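Colleague: Starting off with a structure, shown below.
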Amino acid sequence: YSGSTRQAMQYYDHIGLLDPIAVGNQGYRYYHPLQGHEVRLIHSLQECGCSLEEIRDILTTSSVEQMQTRIMAKQKLLELELQRIKREQIYLKRFSQFITWVSARPVDVPELHTLNETLYFREILFEDPCELYSDYYYQMLLRYAEFCKSNKMAIQQYPYLFYISPEELKGQLRLSKIICIPENVHTPSSHPLIAPPGQYLTMRCHPDTQNRVDHRKAEYGVLFRYMEEHGIVPLDGCAELPFCIPPGLRPDPHRFEVVIIMPVAPAKENSDGGGKA
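In this note's numbering, the protein residues as written are 89 to 365.
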């Protein structure tokens, strides 16, 4: 009648969740027909993610206020879980789109693209920049982990990019910031860094070579030469988006790639907003 099993009813009795109205001489438990509604309530709360211990606490509270408090607390946890699921859905969607985008482009070939919408980022600034030609990804991730820990934030709560300022591009190419993409890329976040509509120069490259220092210099050399040859001027710093290559898709020993993204002022022949969408 209640949709429950004999073993479940025995367990509910054992943990004090649902007591029978009587127990016969042979150990049979007897329940009032209206207790079937209580069983269905228990099942409904279980489907909402409540454990049996949580359900027992809710159903054995001595006042409506206490019950409401416990239910609202569980509701808040479910809302946080829903936010986590939405974040993971967004991440998987971006990951799929990025795989498609990256796989269609050659390595070490700069390309000009047009962004038609404003994007917002959360900016995390570190006082001591890392040298770009050292193991800076590792060093910056250590700092990012400490930042997340001190701010009680999940380390990968947001997708993040490494940011190099215009001053650093002109000098020794150092890394001082991480920028995080918020859940809604169109919504301003705290400490916002805005990517306005316009043209961006992008390049896919391999960073994890044995001679990493010379290779990183060569990658940026390709980018700067392309800009000089085509009359393109950087408007700001650039972001580096590391991309982990799944083992089954690696065409060579490289474990990850980087896409360099730089906002630029296009050459005169492209001033009408041309470029690749």
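Yeah, the Cβ is synthetic: ideal placement off N, Cα and C, and Gly gets one too. These figures come from a predicted structure and were not determined experimentally.
Can you tell me where the beta strand (DSSP E) with tyrosine 288 in it begins and where it stops?
Modeller: Within the sequence shown, numbered from 1, the residue matching residue 288 stands at position 200. Taken as a continuous stretch (DSSP letters only), the beta strand (DSSP E) holding tyrosine 288 covers 286-293.
Colleague: Report, in whole angstroms, the separation of the C-beta atoms of proline 108 and arginine 117, which I expect to be a contact under 8 Å.
Modeller: Stepping through the sequence shown from its first residue, residue 108 is reached at position 20. Stepping through the sequence shown from its first residue, residue 117 is reached at position 29. The pair is a contact, with the Cβ atoms about 4 Å apart (cut-off 8 Å).
Colleague: With DSSP as the reference, label tyrosine 100 as helix, strand or coil.
Modeller: Here residue 100 refers to the residue found at position 12 when the sequence shown is read from its first residue. Of the three classes helix, strand and coil, the one that applies to tyrosine 100 here is helix, per DSSP.
Colleague: Would you grab the beta carbon distance between tyrosine 251 and alanine 327 for me? Rounded to a whole angstrom, and I think it's under 8 Å.
Modeller: Stepping through the sequence shown from its first residue, residue 251 is reached at position 163. Stepping through the sequence shown from its first residue, residue 327 is reached at position 239. With 8 Å as the limit, tyrosine 251 and alanine 327 qualify as a contact, their Cβ atoms being about 5 Å apart.
Colleague: Taking the alpha-carbon positions, what's the arginine 193 to phenylalanine 344 distance?
Modeller: As a working mapping, residue 193 is identified with position 105 in the sequence shown. As a working mapping, residue 344 is identified with position 256 in the sequence shown. Cα to Cα, the separation comes out at about 15 Å.
Colleague: Buried or exposed: aspartate 360, going by 16 or more other Cβ atoms within 10 Å of its Cβ?
Modeller: Position 272 of the sequence shown, counting from 1, holds the residue named residue 360. Here aspartate 360 scores only 43 on pLDDT, less than 50, and its place in the model is too uncertain to base an answer on.
Colleague: How is aspartate 145 classed by DSSP in three states: helix, strand or coil?
Modeller: On the sequence shown, position 57 is the one that residue 145 refers to. The answer is helix: DSSP assigns aspartate 145 an H, G or I state.
Colleague: Shortest alpha-carbon distance to leucine 207 belongs to which of Ser253, Tyr288 and Pro322?
Modeller: Here residue 207 refers to the residue found at position 119 of the sequence shown. Nearest of Ser253, Tyr288 and Pro322 to leucine 207, Cα basis: Tyr288.
Colleague: Out of Leu200, Glu153, Ile178 and Arg158, state which residue places its alpha-carbon closest to the alpha-carbon of glycine 319.
Modeller: Sequence index remark: in the sequence shown, residue 319 carries index 231 (1-based). Closest option to glycine 319, Cα to Cα, is Leu200.
Colleague: What do you get for tyrosine 226, buried or exposed, if any count of 16 or more other CB atoms within 10 angstroms of its CB means buried?
Modeller: As a working note, residue 226 is residue 138 in the sequence shown. Tyrosine 226 is exposed by the Cβ-count criterion.
Colleague: Can you grab the Cα-Cα spacing for the pair glutamine 171 / glutamine 177, in whole Å?
Modeller: Counting from 1 along the sequence shown, the entry for residue 171 is found at position 83. Counting from 1 along the sequence shown, the entry for residue 177 is found at position 89. Approximately 10 Å between the Cα atoms of the pair.
Colleague: Do you know how far the Cα of glutamate 255 is from the Cα of isoleucine 143?
Modeller: Residue numbering aside, residue 143 sits at position 55 when the sequence shown is read from its first letter. Residue numbering aside, residue 255 sits at position 167 when the sequence shown is read from its first letter. When rounded, the distance between both Cα atoms is 58 Å.
Colleague: Return the first residue and the last residue of the alpha helix (DSSP H) that alanine 161 is part of.
Modeller: For this step, residue 161 is matched to residue 73 along the sequence shown. Looking at the DSSP string, the run of the alpha helix (DSSP H) that includes alanine 161 is 152-191.
Colleague: Here's a check: name, in chain order, each residue in its chain whose Cβ is nearer than 8 Å to the Cβ of histidine 120, leaving out the five neighbours to either side.
Modeller: Along the sequence shown, one-based indexing puts residue 120 at 32. Only Ile109 meet the Cβ criterion.
Colleague: Take the Cβ of lysine 240 as the centre, count every other Cβ of all protein chains shown within 10 Å, and call the residue buried at 16 or more, exposed below.
Modeller: In the sequence shown, the residue the question calls residue 240 occupies position 152. Exposed is the call here.
Colleague: Could you give the residue range of the alpha helix (DSSP H) that holds histidine 125?
Modeller: The residue given as residue 125 occupies position 37 in the sequence shown. Start and end: 123-135.
Colleague: For proline 254, which three-state DSSP category applies?
Modeller: One-based indexing of the sequence shown puts residue 254 at position 166. Of the three classes helix, strand and coil, the one that applies to proline 254 here is helix, per DSSP.
Colleague: Reducing DSSP to helix, strand and coil, say where histidine 201 ends up.
Modeller: By one-based count along the sequence shown, residue 201 stands at place 113. Correct three-state label for histidine 201: strand.
Colleague: Classify valine 310 as helix, strand or coil using the three-state DSSP reduction.
Modeller: One-based indexing of the sequence shown puts residue 310 at position 222. Of the three classes helix, strand and coil, the one that applies to valine 310 here is helix, per DSSP.
Colleague: Taking 8 Å as the limit between beta carbons, can you name the residues of its chain near glycine 112, skipping five residues before and five after?
Modeller: In the sequence shown, residue 112 corresponds to position 24, counting from 1. Excluding sequence neighbours, glycine 112 sits near Tyr118.
Colleague: Leaving out five residues before and five after cysteine 332 in sequence, what residues of the same chain have Cβ atoms less than 8 Å from its Cβ?
Modeller: Looking up residue 332 in the sequence shown gives position 244. These residues qualify, in order along the chain: Arg343 and Phe344.
Colleague: Quick one: what's got a C-beta closer than 7 Å to valine 195's C-beta in the same chain, skipping five residues either side?
Modeller: For this step, residue 195 is matched to residue 107 along the sequence shown. Answer for valine 195: Arg292, Cys293 and His294, listed in chain order.
Colleague: Please determine, among Gln134, Ser90 and Leu140, the residue with the shortest C-alpha to C-alpha distance to glutamine 123.
Modeller: As a first step, residue 123 must be located in the sequence shown, where it is residue number 35. Comparing Cα positions, the closest option is Ser90.
Colleague: With burial defined as no fewer than 16 other Cβ atoms inside 10 Å of the residue's Cβ, what is the status of threonine 290: buried or exposed?
Modeller: As a working mapping, residue 290 is identified with position 202 in the sequence shown. Per the 10 Å Cβ criterion, buried.
Colleague: Where does the unbroken beta strand (DSSP E) through leucine 329 begin, and where does it stop?
Modeller: Counted from its first residue, the sequence shown places residue 329 at position 241. Note, leucine 329: beta strand (DSSP E), 326-332.
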